[in-house]
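In the numbering used here, the protein residues as written are 17 to 147.
Step one of this worksheet: look at the structure below.
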Amino acid sequence: MRLTLIQGDITTQHVDAIVNAANSRMRGGGGVDGAIHAAGGPAILDDCVQRFPRGLPTGKAGWTTAGELPAEWVIHVVGPNWNAGQRDPSLLASCYRNALTVADELSAQTIAFPAVSAGIYGWPLEDAARI
């Protein structure tokens, strides 16, 4: 396995799967989630509604089409919201583990991750990077 750190726009990465830092409703939102939905078009939201009618709980992952993104799939993970008191590191770690499990099920060879929960959810960046 090779790991490469890139600072840039996740929506332009030419990978098999892009990981989305989603909210539990799975209906789009702000930050990375909003950018992925905007760049990928309505097919992503349509797939979210069909596959996840009740959303996903924190720490879980699921996939949808990538719509107009250069990837084949979007793997949605629901990160813990530090600002709302969800500060258990195991919840954040489960996002990465579950995303990798889904990627394996999809036979994805390349995957791009954002810093899950380190944006509008307020998880401290250094701690998020360690996890």
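The beta carbon of each residue, even a glycine, is placed where N, CA and C say it ideally should be.
CB of residue i within 9 Å of CB of residue j, strictly
i	j	result
T117	V31	no
I34	I52	yes
V90	A100	no
P96	W139	yes
P86	T20	no
G44	I136	no
E88	L122	yes
Contact set for residue i: own chain, Cβ-Cβ below 7 Å, skip 5 residues either direction
i	result
F68	M42 and G78
G24	none
Beta-ladder partner(s) of residue i, from DSSP
i	result
H92	N36 and G78
I127	A33
Neighbourhood of residue i by C-beta distance below 6 Å, restricted to the same chain and skipping five residues each side
i	result
S110	G75
C64	M42 and T80
A38	D49, H92 and V94
A134	L141 and A144
Same chain, Cβ closer than 8 Å to residue i, five either side skipped, listed in chain order
i	result
P105	D143 and I147
S40	G71, L72, P73, T74 and V94
Completely contained beta strand (DSSP E) runs for the stretch 45–88, where each covers 3 or more residues:
77–81
Check whether the stretch 103–116 and the stretch 53–64 are in contact - that is, three or more C-beta pairs closer than 8 Å.
no
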